[in-house]
Amino acid sequence: MSFEHLPSLLSDALTRKGYENLTPVQAQVTQPEAEGRDLIVSAQTGSGKTVAFGLAMAGELLGEQSRLPVAGKPLALAIAPTRELALQVSRELEWLYGEARARIATCVGGMDAAKERRALSHGAHIVVGTPGRLRDHLERGALDLSGLKTVVLDEADEMLDMGFREDLEEILDGAPDERRTLLFSATMPKPIVALAKRYQKDALRISTVSDERGHGDISYQALTVAPADIENAVVNLLRYHEAETAILFCATRDNVRHLHASLTERGFAAVALSGEHSQNERNHALQALRDRRARVCVATDVAARGIDLPNLSLVVHVELPRDAETMQHRSGRTGRAGKKGTAVLIVPYPRRRRVESMLRGAKIPVEWGTPPSKEAIQEQDNARLRASLMEKAELDEQDWALGAELLAEKSAKEIAAMLVRSARAALPAPEELLDASEAPARRDGPRPGFEDTIWFRMDIGRNQNADPRWILPLICRRGHVSRGDIGAIRIAANETMFEIPSAIASKFVGAVQRTGQANDEGAEVAIEQIEGKPREMARENRREGPHGKGRPNSERGPRPPAHSPRPFKGGPKRAGPRKPR
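Just add 2 to wherever you are in the sequence shown, counting from 1, and you've got this note's numbering.
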């Protein structure tokens, strides 16, 4: 569709930005039947809706004029759920209304509120902000809504999910009754319908969401892995795809911190985004991604809301989303503006049925498989390196001179091989993965070599952030054993139990005693042998009652002091368990 029906300033801006056609949502909000009316727009993330509402408000902002008047009271207000999305909206409107000389004020949490108030006092045509900060400026008298002609609610469903209902109602109640209200939302739950009914008049409903809820430009993959292999699967995925920008979703800030540190240690250029990072740190991280100084972002769901990164082609659900809606919000970071993207769910094999059910309910087609192998990654590396070296390059005299010197000392074959080796050395090493497809077979009987085992107990559990990813290396260090020597690991609230083959149990006990007396990391964790299996112990404890052997507390004797020696350790216990790195 051409831009002839748009004001010339806006059509010129679109052309300079490289637009050849309007997206479906942009085309529909600028049709004659939408002019001047309140709108309820259902559009997927990444469908170009920021530009869409920028075009939709042109009639109220410009009218028949070619330039905006001198800035005074705001004419338009755009409300977004997060800082990042509000800043993105400001950037889009700046280039769209640049020739119209629009003055845009941005008001978001985490920024200098006094500076924002000064900007508002100097006048603004458009104000963009988050609900909480806008309400604060409104209550302080810094934000005057009396001149508003248009109010935009961007990602309204997200704002209600995040608890901004009261803020939104106070802002909308303070706006003139005759203003135009544009409501954009990816979904239309009942609270959104109620909000529209209260604050809109004769609204036109526009929907560009297809029956298939999955994003048309996103291909979904689900890869089954052994639970202990999730991190290695992430490494191999990143190495296989070598995406310009990738985002990895974790459930908690602790897991973001751990995965980010692990990837950085392996050589990936990665940044982290979670609730523990300040606004300044977030800005630096996002700028690093835009400048290509970093290519991987590890984030939580909340921290990643509103992020719009150019060339983001890979989304990895490192930890599974809680529902299909969350999965689509995560995945919607890629596949934007007509570009293709890939969303990968890493599925521990015990949770495959749950994921299959979620995908069926969301009507999202998915390709099941396993993570890339080391051999597959090496093939991809070879293909990428071959393509890179075959590209035509502009060489100067110094390049030719150095090439001649190398040929005088080495053969062309040797130089080529060294070049390949040098290129490979700069890449993080791929990981060997367990065969997840064989893992469920272990339920039918013990693993070979584990027919006769002895169980041990550690005095740390979930409440102390126990995790197999660092417990396994800890057991190996303390007991001088390899990963293959360790059987099942069961993590409870305040303890962890694991099994060792009887054949090496005595050697393991001796090593634990020696390492417990050292000052090495993890030496403060107490390890002791237990009788029987964990399930048998639990049944015995239930029969005996809470005091063990049916004895009352008065007959059990005093509890040993905190500084008494612990099993397999020669010395006082330290202040508390410390998580190994």
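Ideal Cβ placement from N, Cα and C applies to all residues, glycine included. All figures in this text were calculated on a predicted structure; none of them were measured in a lab.
Would you mind working out which of the options sits nearest residue i, comparing C-alpha positions?
i, options, result
"A115", "Y99, A198, W97, G134", "G134"
"V349", "K412, Y222, R426", "Y222"
"V320", "V346, R295, D310, A326", "V346"
"Q67", "A15, P83, P9, T17", "P9"
"M419", "W402, A263, A403, L391", "It should be pointed out that residue 419 corresponds to Ala in this sequence rather than to Met. Taking only the C-alpha atoms, the option nearest A419 is L391."
"Y201", "D179, A188, T210", "D179"
"V273", "H262, E267, N282, H279", "H262"
"A82", "N313, L184, K394", "L184"
"W457", "N467, T372, E497", "E497"
"E96", "L197, R388, L57, S424", "L57"
"L322", "A271, L397, T226", "T226"
"R69", "L41, I42, Y99", "Y99"
"Q281", "M59, G111, R18, P26", "G111"
"H278", "L170, R259, R268, V514", "Residue 278 is actually Glu in this sequence, not His. E278 has its Cα closest to that of R259, out of L170, R259, R268, V514."
"T26", "P34, T210, I488, L316", "For the sequence presented, residue 26 should be read as Pro rather than Thr. Comparing Cα positions, the closest option is T210."
"A364", "L265, A326, R386", "A326"
"E233", "L387, S264, G518", "S264"
"W370", "R355, L136, L41, V43", "R355"
"N257", "D40, W472, Q30, I488", "W472"
"G176", "L136, F166, D163, K203", "L136"
"R284", "T84, R459, A230", "T84"
"D204", "I379, G38, G343, L240", "G38"
"A60", "I491, P34, L12", "L12"
"H243", "D40, A296, D383", "D383"
Bridge partners for residue i per DSSP, in chain order?
i, result
"A88", "Answer is none; A88 lacks a bridge partner."
"Y99", "Y99 is not bridged to any residue."
"M113", "In DSSP, M113 forms no bridge with anything."
"Q531", "F458"
"V368", "Y222"
"M499", "R459, R492"
"T108", "V130"
"F510", "Bridge partners of F510: none, in fact."
"I208", "V43"
"G343", "I220"
"E520", "Note that residue 520 is Ala in the sequence shown, not Glu. Answer is none; A520 lacks a bridge partner."
"F452", "Answer is none; F452 lacks a bridge partner."
"I249", "C299, V317"
"V349", "T226"
Indicate whether residue i and residue j have their beta-carbon atoms separated by less than 8 Å.
i, j, result
"L150", "P76", "yes"
"D159", "I194", "yes"
"S508", "T455", "no"
"D303", "F251", "yes"
"G463", "A494", "yes"
"A253", "P373", "no"
"E141", "I309", "no"
"N238", "L421", "no"
"V527", "F510", "no"
"V298", "A271", "yes"
"I506", "G489", "no"
"V357", "A224", "yes"
"S315", "T266", "no"
"I532", "M499", "yes"
"A144", "L170", "no"
"R207", "I42", "yes"
"A45", "A188", "yes"
"A73", "T152", "no"
"R480", "V514", "yes"
"G343", "D219", "yes"
"T336", "V317", "yes"
"S276", "R295", "no"
"P536", "R485", "no"
Should residue i be flagged as near chain B, meaning a C-beta pair shorter than 8 Å?
i, result
"I532", "The structure shown contains no chain B, having only a single protein chain."
Give the list of continuous beta strand (DSSP E) stretches no shorter than 3 residues that lie fully inside the region 262-320. 272-275, 298-301, 314-319
To test your reading of the DSSP string, which unbroken alpha helix (DSSP H) runs of 4 or more residues are found completely within the region 214-243? 232-243
Could you give the uninterrupted runs of the alpha helix (DSSP H) lying entirely in the region 141-202, keeping only those of 4 residues or more? 158-163, 167-175, 192-201
Uninterrupted alpha helix (DSSP H) stretches inside the region 375-442 (no shorter than 4 residues): 376-392, 399-411, 414-427
With three or more beta-carbon pairs closer than 8 Å as the criterion, would you say the region 424-436 touches the region 466-481? no
Counting beta carbon pairs with one atom in the region 50-67 and one in the region 91-98, are three or more of them shorter than 8 Å? yes
Within 8 Å, do at least three Cβ pairs link the region 120-133 to the region 100-110? yes
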